[in-house]
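*Asks:*
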Amino acid sequence: MGIEAPTLLSLLEEKQGDFVSGEEISQKLNVSRTAIWKQIRKLEAQGYTIEAVNRLGYRILERPSRISPVELSLKLKTHTFGRNVHVHEVVASTQDVLRDLAEAGAPEGTLVVAEQQNRGRGRMGRSWVSPPGKGIWMSLLLRPNVPLLQTPQLTLLAAVALNRAIERVTGLDIGIKWPNDLLIDGRKISGILLESATEDERIRYVVVGMGISVNLEETDYPEEVAAKAVSLRMASGRVLDRIELIAEILKEFEELYSVFNASGFEPIRLLWEARSINLNKPTALMTAGGRIEGIPRGISETGALIVETPDGGMQTVYSAEINPWEPAAGQDGQQKA
Numbered sequence: 001m002g003i004e005a006p007t008l009l010s011l012l013e014e015k016q017g018d019f020v021s022g023e024e025i026s027q028k029l030n031v032s033r034t035a036i037w038k039q040i041r042k043l044e045a046q047g048y049t050i051e052a053v054n055r056l057g058y059r060i061l062e063r064p065s066r067i068s069p070v071e072l073s074l075k076l077k078t079h080t081f082g083r084n085v086h087v088h089e090v091v092a093s094t095q096d097v098l099r100d101l102a103e104a105g106a107p108e109g110t111l112v113v114a115e116q117q118n119r120g121r122g123r124m125g126r127s128w129v130s131p132p133g134k135g136i137w138m139s140l141l142l143r144p145n146v147p148l149l150q151t152p153q154l155t156l157l158a159a160v161a162l163n164r165a166i167e168r169v170t171g172l173d174i175g176i177k178w179p180n181d182l183l184i185d186g187r188k189i190s191g192i193l194l195e196s197a198t199e200d201e202r203i204r205y206v207v208v209g210m211g212i213s214v215n216l217e218e219t220d221y222p223e224e225v226a227a228k229a230v231s232l233r234m235a236s237g238r239v240l241d242r243i244e245l246i247a248e249i250l251k252e253f254e255e256l257y258s259v260f261n262a263s264g265f266e267p268i269r270l271l272w273e274a275r276s277i278n279l280n281k282p283t284a285l286m287t288a289g290g291r292i293e294g295i296p297r298g299i300s301e302t303g304a305l306i307v308e309t310p311d312g313g314m315q316t317v318y319s320a321e322i323n324p325w326e327p328a329a330g331q332d333g334q335q336k337a
């Protein structure tokens, strides 16, 4: 005879944080110890933190939080961003859900949030780790009145908005890796993906996907990414309120978007450059056309990276995988006249 997770969950909930022995669970539910353990693992996959101690049994240490549209609306300090919100338990990708809404005429500022994504994606086709109840997996709809060429500017704007909002809530020191990855001590805590729909060289709409590792623990990361990633909880030592963080991000995003619409890209460019971890450091960039080595010096008017190459020339890079580079002997990252 098998058991269902809710039945086991109700038994653990009844004890209000006290241990329930495996023997007691086995007798009350008429199941084996192996069946109990399998259901414990299922509850953990849903975001519960359950402690198991020999001779004592099991107890719930932490319950998964849920993002409530009502609670979010109460905390919002925006005019339009997040005012039209769709919250889902599980989706393949919030990008796909919001794109369908955009095609149906959803207004600018529409937000899609999911507790879990099955096929969340990042830049360059990478998958994104998005376990239930522990992160912020959301997409925001923009309908900017700008030419297609200026799309990279919005990517950098999104990075600055997340950087400023997360630093304000957590107090952590966060840097931006070009173009829009957020890092703490070299480990990634957030990724941003912009996908646009165009017509006649103009942008119809932009879907801004944001994945933020908020309350993930080390065991939530696959082995192949554990050394490269970190969560805000791991970095700060405390569990964070995801709804509060979403509200702060939307507030900052809307304010910077208003600045962008009123004053252009220059204020955003200066904010981005002040937070960059790549500028003026030897860097190797893997582009579609090959490897470029040099020193990033700034951001162009269109949002591209301006790289000074070893021969003293300047090269503009729009898309690349970026990594540190060790110059040959005699090159110190400062080009000679």
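First residue of the sequence shown: 1, per UniProt numbering; consecutive thereafter. Ideal Cβ placement from N, Cα and C applies to all residues, glycine included.
From the DSSP output, in three-state form, read off R204 for me.
*Replies:* Correct three-state label for R204: strand.
*Asks:* Just the Cα atoms here: how many angstroms apart are R41 and S32?
*Replies:* Whole-angstrom Cα-Cα distance: 15 Å.
*Asks:* For the alpha helix (DSSP H) holding Q39, just list the boundary residues, first then last.
*Replies:* Q39 -> alpha helix (DSSP H) spans R33 to A45.
*Asks:* Name the two residues that bound the continuous alpha helix (DSSP H) containing Q315.
*Replies:* That residue, Q315, is in no alpha helix (DSSP H); its beta strand (DSSP E) goes M314 to V317.
*Asks:* Among the candidates F253, E201, V20 and E244, whose CA atom is the shortest distance from the CA of residue 422?
*Replies:* What is shown of the chain runs 1 to 337, which leaves residue 422 out entirely.
*Asks:* Exposed or buried, which one is P254 when buried takes at least 16 other CB atoms within 10 Å?
*Replies:* Correcting the residue type first, residue 254 is Glu in the shown sequence and not Pro. By the 10 Å Cβ count, E254 comes out buried.
*Asks:* Does the segment 197–216 touch the segment 130–146, meaning 3 or more C-beta pairs lie closer than 8 Å?
*Replies:* Contact between the segment 130–146 and the segment 197–216 is present, because at least three Cβ pairs lie under 8 Å.
*Asks:* What are the boundary residues of the beta strand (DSSP E) that T49 is part of?
*Replies:* First-last of the beta strand (DSSP E) with T49: T49 to V53.
*Asks:* Quick one: any contact between the segment 210–226 and the segment 184–191, if contact means 3 or more CB pairs under 8 Å?
*Replies:* The answer is yes - the segment 184–191 touches the segment 210–226, with three or more Cβ pairs under 8 Å.
*Asks:* Which same chain residues, not among the five before or five after L245, have their C-beta less than 6 Å away from its C-beta?
*Replies:* Cβ within range, chain order: V169.
*Asks:* Could you say which of Q95, E266 and D220 lies nearest to residue 339 if we only look at CA atoms?
*Replies:* Examination of residue 339 is not possible in this model, given that the chain is present from 1 through 337 alone.
*Asks:* Y221 by DSSP, collapsed to three states: which one?
*Replies:* Correct three-state label for Y221: coil.
*Asks:* Counting along the chain, where does the alpha helix (DSSP H) carrying residue 342 start and finish?
*Replies:* Missing from the structure shown is residue 342; the chain here goes from 1 to 337 and no further.
*Asks:* Quick check on T283: buried or exposed, where buried means 16 or more other Cβ atoms within 10 Å of its Cβ?
*Replies:* The residue in question, T283, is buried, as its Cβ has 16 or more Cβ neighbours within 10 Å.
*Asks:* Nearest-angstrom Cα distance between K177 and N280?
*Replies:* Straight-line Cα distance between these residues: approximately 13 Å.
*Asks:* Within a Cβ cutoff of 6 Å, which residues of the same chain sit near G125, ignoring the five residues on either side of it in sequence?
*Replies:* Since pLDDT at G125 reaches only 48, below the 50 mark, its modelled position is unreliable, and the value read off the structure follows with that caveat. Nothing meets the Cβ criterion.
*Asks:* Alpha carbon to alpha carbon, how far is L285 from A158?
*Replies:* Between L285 and A158, the C-alpha separation is close to 22 Å.
*Asks:* What residue range does the beta strand (DSSP E) around W137 cover?
*Replies:* It spans I136 to L142 - the beta strand (DSSP E) in which W137 sits, taken as one unbroken run.
*Asks:* So L156 and I299 are in contact, right, with Cβ under 8 Å, and what is the actual spacing, rounded?
*Replies:* About 7 Å separates the two Cβ atoms, so the contact holds.
*Asks:* Does the Cβ-Cβ distance between P147 and L305 come in under 9 Å?
*Replies:* Not in contact: P147 and L305 (Cβ atoms no closer than 9 Å).
*Asks:* What do you reckon, are the CB atoms on L72 and A247 nearer than 9 Å?
*Replies:* Against a cut-off of 9 Å, the Cβ pair of A247 and L72 comes out as a contact.
*Asks:* Please classify K77: is it buried, with 16 or more other beta-carbons within 10 angstroms of its beta-carbon, or exposed?
*Replies:* That one is exposed.
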